[in-house]
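Notes for the one structure printed next.
Numbering (the working numbering), first residue to last: 552 to 717.
Pasting the structure below:
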């Protein structure tokens, strides 16, 4: 970590953001439609700075994100003082995924991060997208950020810096 007076490089910020994303489990997805905002927490897995989660296709956050073609998301470290606040702020788009290589990789990442989900399946059940859809009535979604900010009060109060995405 840099001192309070120095600003981390893009590489250092990327590492801090990757660490935070890896340590946390829940992302708050925010949407708005017809001048009414909404936020929903979702368990996520990530591949780099692309985020995957399962949700009911009829849920408000999914319907609004798809209708408006935009969403915002936040991931943050639970802190007990303002000096420890750090998190990720993003805006981007939501995409439903079908069976394919990307969804297979996302499902593997999800099962690795949340191995307890396997407890909901018997040995006879398929542990794939179809199995998840059947068991939980959900679909896999990708949140693709277009803007990505890392904030960290440990660096200095109200520190917030954009991270360039590939």
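Beta carbons: idealized from backbone N, C-alpha and C, even for Gly.
Asked	Found
Contacts around residue 546, its chain only, beta-carbon distance under 8 Å, and the 5 residues preceding and following it disregarded	Look at the range of the chain in this structure, 552 to 717, and you will see that residue 546 is not part of it.
Residue 609, DSSP secondary structure in three states	coil
Neighbour-count burial assignment, residue 587, 16 or more Cβ in a 10 Å radius	exposed
Range covered by the beta strand (DSSP E) that runs through residue 698	690 to 703
Beta-bridge partners of residue 597, as assigned by DSSP	602
Assigned secondary structure, residue 553 (DSSP; H/G/I helix, E/B strand, else coil)	Here the model assigns residue 553 a pLDDT of 48, short of 50, so the residue's position is not dependable and the matter cannot be decided.
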